[in-house]
Structure formats: C-alpha cells, structure tokens
Amino acid sequence: MVTRKTEKSNRKQREAVMNRLLRTRIPIKDENLKPKIQTNLQNTLRESQQRYKNWHDRGKRKPRHYKENEHVIVRHDSEWRPAIIKKRSETPRSYWITTVK
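Sequential numbering from 1 applies to the sequence shown in the UniProt record's numbering.
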C-alpha cells in the first residue's frame, strides 16, 4: 500500500490515525512501534488555522463608513449622479441619501 505523508504533521496518514508506527515486513525495534506522545498539538493546530485565515483574508478591505452630509456619487439607472448622505439606515452598509440635481 502506497501512502504519503501529511503536510502538517510530516507523518503518514495511517500512522496518524493509529497514533503509532504500523508493523511492516521490515524489521523495526519494538520501541518504535509504541505510540509517541504528541506535544504542542493545540499550538500547531492554532498556527495552521491562523495561516489559513491570513491567506483567506489577504485581499479583505475594511468597509467604508460615511458620515452625515458627506458628498457621494451614486448610480441611478445607468448613470452616476452626485448625492448627499442624510443618515444611516438600520440595515448594515445602507444609507438614506438625497440626490443633487
């Protein structure tokens, strides 16, 4: 059976599942077949999750919040028009506006 090592723990999957080296036809010392105590498992998991989160959030920008009476440009039908923010709406990232003619 051909197996590969996992990326994070550098152990073969079947060894990680069984938490010990599996018996093979190759002569191995008995002490190598006993399970090893995993140290820093939680830290390794947290670091892996943090790397994944950093990679996922790499292009994220903070949402822009507008103030009252701030001049903005909004799209109405197929053209852009100047407008003024009157107040924030109850829904997130929504504002009441008045278009300038």
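Beta carbons are placed, not taken as given, at the ideal position from N, Cα and C, and that holds for glycine.
Going straight from the alpha carbon of residue i to that of residue j, what length do you get?
i	j	result
residue 71	residue 96	12 Å
residue 36	residue 20	7 Å
residue 53	residue 30	41 Å
residue 18	residue 47	24 Å
residue 80	residue 73	6 Å
residue 45	residue 28	30 Å
Can you tell me which of the options puts its alpha carbon nearest to the alpha carbon of residue i?
i	options	result
residue 91	69, 30, 82 and 65	65
residue 62	93, 18 and 12	93
residue 32	80, 58 and 15	15
residue 88	67, 22 and 80	67
residue 84	69, 51 and 39	69
Between residue i and residue j, which are expected to be in contact by the criterion C-beta below 8 Å, what is the C-beta distance as a whole number of angstroms?
i	j	result
residue 86	residue 98	6 Å
Spatial neighbours of residue i within its chain, please: C-beta separation below 7 Å, excluding the five flanking residues on both sides.
i	result
residue 22	14 and 15
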